[in-house]
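Shown next, in structure tokens, is the structure this report addresses.
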Amino acid sequence: MAAAKLGFAAATHGGNVLNMQIKRAKYNRSQMWIGYLLILPAMVLFAVFFVYALEQAVKYSLMDWSGVGEMTYIGVQNYVSLLGDQVFWQAFINNWYYTAGVIVLGVFPGLILAYILSQPRIAGRGFYRAVYFFPRIVSAVIYGAVWKWIYDPRRGLIKVIMSAFGNNSSIAMLGDVHSVMLGIIITAGWTYFGFCMVIFIAGFTSVDVSLREPALRGGANRFQIFAHVDLPQIRPILDTMLVYTVIDSFKVYDLVLVMTSGGPNDASQILTYYIYKQAFTLDRYGYGSAAAILLGILMIVFTLLYNNSIGKER
Amino acid sequence: MRRKSKKFNLMRFLRGFLLYSLLIIVAVYTLIPFATVLITSFRTEKDSMKGPFTWPKQWDITAAYSNAWNMGHFNIYIWNSTFIMIATVLGTLLVSTMAGYSFAKLQYPGRKGMYYLLLISMMVPFQTIMLPLYFVLKGIGMLNTLTGVSLLLIATGLGFAVMMMRSFFISFPDSLLESARLDGCTEIKVLCRIVLPNTFPAWSSLIVFVAMGAWNNLLAPMLYIFNESKYPVPYALYAFQDAHSTSYGLLSAAMVISILPIVLVYLIFQSKFQTNLLAGAVKG
Numbered sequence: 034m035a036a037a038k039l040g041f042a043a044a045t046h047g048g049n050v051l052n053m054q055i056k057r058a059k060y061n062r063s064q065m066w067i068g069y070l071l072i073l074p075a076m077v078l079f080a081v082f083f084v085y086a087l088e089q090a091v092k093y094s095l096m097d098w099s100g101v102g103e104m105t106y107i108g109v110q111n112y113v114s115l116l117g118d119q120v121f122w123q124a125f126i127n128n129w130y131y132t133a134g135v136i137v138l139g140v141f142p143g144l145i146l147a148y149i150l151s152q153p154r155i156a157g158r159g160f161y162r163a164v165y166f167f168p169r170i171v172s173a174v175i176y177g178a179v180w181k182w183i184y185d186p187r188r189g190l191i192k193v194i195m196s197a198f199g200n201n202s203s204i205a206m207l208g209d210v211h212s213v214m215l216g217i218i219i220t221a222g223w224t225y226f227g228f229c230m231v232i233f234i235a236g237f238t239s240v241d242v243s244l245r246e247p248a249l250r251g252g253a254n255r256f257q258i259f260a261h262v263d264l265p266q267i268r269p270i271l272d273t274m275l276v277y278t279v280i281d282s283f284k285v286y287d288l289v290l291v292m293t294s295g296g297p298n299d300a301s302q303i304l305t306y307y308i309y310k311q312a313f314t315l316d317r318y319g320y321g322s323a324a325a326i327l328l329g330i331l332m333i334v335f336t337l338l339y340n341n342s343i344g345k346e347r
Numbered sequence: 004m005r006r007k008s009k010k011f012n013l014m015r016f017l018r019g020f021l022l023y024s025l026l027i028i029v030a031v032y033t034l035i036p037f038a039t040v041l042i043t044s045f046r047t048e049k050d051s052m053k054g055p056f057t058w059p060k061q062w063d064i065t066a067a068y069s070n071a072w073n074m075g076h077f078n079i080y081i082w083n084s085t086f087i088m089i090a091t092v093l094g095t096l097l098v099s100t101m102a103g104y105s106f107a108k109l110q111y112p113g114r115k116g117m118y119y120l121l122l123i124s125m126m127v128p129f130q131t132i133m134l135p136l137y138f139v140l141k142g143i144g145m146l147n148t149l150t151g152v153s154l155l156l157i158a159t160g161l162g163f164a165v166m167m168m169r170s171f172f173i174s175f176p177d178s179l180l181e182s183a184r185l186d187g188c189t190e191i192k193v194l195c196r197i198v199l200p201n202t203f204p205a206w207s208s209l210i211v212f213v214a215m216g217a218w219n220n221l222l223a224p225m226l227y228i229f230n231e232s233k234y235p236v237p238y239a240l241y242a243f244q245d246a247h248s249t250s251y252g253l254l255s256a257a258m259v260i261s262i263l264p265i266v267l268v269y270l271i272f273q274s275k276f277q278t279n280l281l282a283g284a285v286k287g
């Protein structure tokens, strides 16, 4: 998913402008009809499953509606109560906490591992790459459940290790309002760092190695070369990856559902699950839709920032 | 001189040792959860009841698997997931190849505008429109059907797929198309004879993306499928976990069963997939 999103700028800015200008004078009639015919299925799906759905979502968000029966128009009342809803803000803050955690435990370790694996003469590079990436292809239903076992206060891996060192206290990682987000974040970082690594390896392989020579002769050590020669060259990819991580983190759903369902006491509530719960569990369809629209707006703003940042780099 | 080179080697040895230790520790960290599942699935039920992180004493390679398979009806769920996966992949390939080619290589008014419009759908998360989509599926009579979920996955993944196919076709040499046109080929013939036979590299990475997304999707079936006989694997596994939360052996076997098909797809397309991920990143 990310790869093509990262290629977003390439796709949108790379059109053959020259070619278009030559041909603009007169469209070839048969080419025109074939052109429209070929995009027809895509545009029909787009119209029904996106444009219409989005329009309906905006409409619901202005209604008091329980899914069945009459809708009552109440204007922006849903949005107003949403902004005064403590759980909504809790979810919003948790999403940011999650994002920051994934950056620390996913993006940065991925960067370091990519740097190590892109050094010459590393044996088994392909093996490490395949292993580190593997969690990314597995469903959250599986790894979320296994990490729940690891955190289990009575039989979990953490408990087993603590007992081995003679410590008989136990930590309820996911049962405590203070540590539950940390537990989710550690799991999320575990699935994410390999993916980041694969992206960063691409950056490091395209780094201009000839710049390292003069730095080495000037007496720079390895860390200095990394920080001042290699890192600046892959800054564009790092920036892109950070913004992508924000967007991806606000879409997280499965992992929280499987591990905690937002609990205990809404301590691990996140926006997507909050929307789901309002609409489908509490039957507050209008209210849930208002939250959904706010999430959508947030994501559009981020994507625009993201494309903007790519645009500047080119 | 001799001393200096000896010292140098020691430093190198130490650095190498630390480096490989780090790589191996991270690999172990990555694999522990999977190893735990695999080992637990091979223990006897009584043995695994003690917890997944106790030392295994009794082995029974097949018992948990046959139990999970029979109790979990995984043959049905795997079939359901396979149907959704194949339908979504084929549908996405068909629709996005057509649209991607059209946006990249054919000239007509409104082309750019419609393409950018389509891209907007990538910005909006699925959760924003999941509620109205319930009524869309209901309206076209596809609620609670595998076809409906597949159609929905095709539609919501379309912006991404079209973008990917378009960027592939943009780099397709125009000269090939022009010479075929000059030879008197119709547009359809150009597409079928010249373009499609060369599209496989782009398809193979799109297949992995779409197949992974379709196989692992949990939310769409949760919202739009109500009959247990129509559950795909992740949703069935989720329900199964609820019902057997402490039968570690049984759960592990169920996890291994449900992980295998997508691992197979990954292994088949893996090298291609990572290469394309890399290519995409460099472009960005």
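If you read the protein sequences in the order shown, they are chains A and B.
Using our numbering, the letters of the first sequence map in sequence onto residues 34 to 347.
Using our numbering, the letters of the second sequence map in sequence onto residues 4 to 287.
Quick reminder that beta carbons are idealized off the backbone N, C-alpha and C, glycines included.
Owing to the predicted nature of the structure, the values given are computational and were not obtained by experimental measurement.
Nearest neighbour of residue i, chosen from the options [CA to CA]
i	options	result
A/G199	A/M206, A/A205 and A/I191	A/I191
B/K108	A/L338, A/I67 and A/A248	A/I67
A/V91	B/I132, B/N201 and B/T91	B/I132
A/R188	B/F45, B/Y251, B/A223 and B/V259	B/Y251
B/Y23	A/F160, A/P168 and A/G251	A/F160
B/T47	B/W62, B/Y269, B/P36 and B/Y137	B/W62
B/M52	A/F228, A/P247, A/W182 and A/G157	A/W182
A/A86	B/L263, B/V139 and B/A38	B/V139
A/S202	A/D185, A/M214 and A/V210	A/D185
A/S217	A/F82, A/G321 and A/L290	Residue identity check: residue 217 of chain A is Ile in the sequence provided, not Ser. For A/I217, the nearest C-alpha among the options comes from A/L290.
A/P74	B/K115, B/M101, B/L155 and B/Y241	B/M101
B/F212	B/L93, B/L13 and B/L17	B/L93
B/P288	B/V236, B/N12 and B/T202	Since the displayed chain B opens at 4 and closes at 287, residue 288 of chain B lies outside it and no answer follows.
A/V210	A/I170, A/A300, A/T305 and A/N128	A/A300
A/N61	B/S124, B/G151 and B/R184	B/R184
A/V174	B/N219, B/F172 and B/F77	B/N219
A/F256	A/F283, A/V231, A/I149 and A/E103	A/I149
A/I258	A/P269, A/V242 and A/V109	A/V242
Start-to-end residues for the alpha helix (DSSP H) that takes in residue i
i	result
A/K310	It is not in any alpha helix (DSSP H) - A/K310 carries neither H nor E in the DSSP assignment.
B/I228	It is not in any alpha helix (DSSP H) - B/I228 carries neither H nor E in the DSSP assignment.
B/T45	The sequence shown places Phe at residue 45 of chain B, not Thr. Segment: none, B/F45 is in no alpha helix (DSSP H) and carries neither H nor E.
B/P55	That residue, B/P55, is in no alpha helix (DSSP H); it is neither H nor E in DSSP.
A/Q89	A86 to S94
A/P142	F141 to L150
A/F198	Careful: A/F198 lies outside any alpha helix (DSSP H) and carries neither H nor E.
A/Y286	A/Y286 -> no alpha helix (DSSP H), and no H or E assigned at all.
A/T224	V213 to T238
B/V165	L161 to I173
B/L209	F203 to N219
B/A183	D177 to L185
A/I258	R255 to I258
A/S63	R62 to F79
A/V135	Q119 to V135
Span separating the alpha-carbon of residue i from that of residue j
i	j	result
B/V198	B/V266	30 angstroms
A/I107	A/D97	6 angstroms
A/I69	B/V127	Residue identity check: residue 69 of chain A is Tyr in the sequence provided, not Ile. When rounded, the distance between both Cα atoms is 25 angstroms.
B/P112	A/I72	13 angstroms
A/F237	A/I267	7 angstroms
B/M88	B/F106	26 angstroms
A/A58	A/Y130	Residue placement at A/A58 cannot be trusted, given a pLDDT of 49 that sits under 50; what the coordinates show is reported in the next sentence. Each residue's alpha carbon lies about 54 angstroms from the other.
B/M161	B/L120	The residue you asked about is not Met; residue 161 of chain B is Leu in the sequence shown. So the alpha carbons of these two residues sit roughly 12 angstroms apart.
A/R317	A/S99	5 angstroms
A/M206	B/R15	41 angstroms
A/V276	A/L331	13 angstroms
A/V135	A/I219	8 angstroms
A/Y286	B/L136	18 angstroms
A/F121	A/A80	31 angstroms
A/M65	B/R114	10 angstroms
A/K56	B/D177	Because A/K56 sits at a pLDDT of 48, beneath the cut-off of 50, its placement in the model cannot be relied upon, and the point is left open.
A/K310	B/F229	17 angstroms
B/T148	B/G142	13 angstroms
A/Y165	B/V31	10 angstroms
Beta bridge counterpart(s) of residue i as assigned by DSSP
i	result
B/W289	Nothing can be reported for residue 289 of chain B, as the shown portion of chain B is limited to 4 through 287.
A/Y370	Examination of residue 370 of chain A is not possible in this model, given that chain A is present from 34 through 347 alone.
- Length at least 4, wholly inside the stretch 106–159 of chain B: the alpha helix (DSSP H) runs in chain order: Uninterrupted alpha helix (DSSP H) stretches at least 4 residues long and entirely within the stretch 106–159 of chain B occur at 114–126, 129–142 and 149–159, given in chain order.
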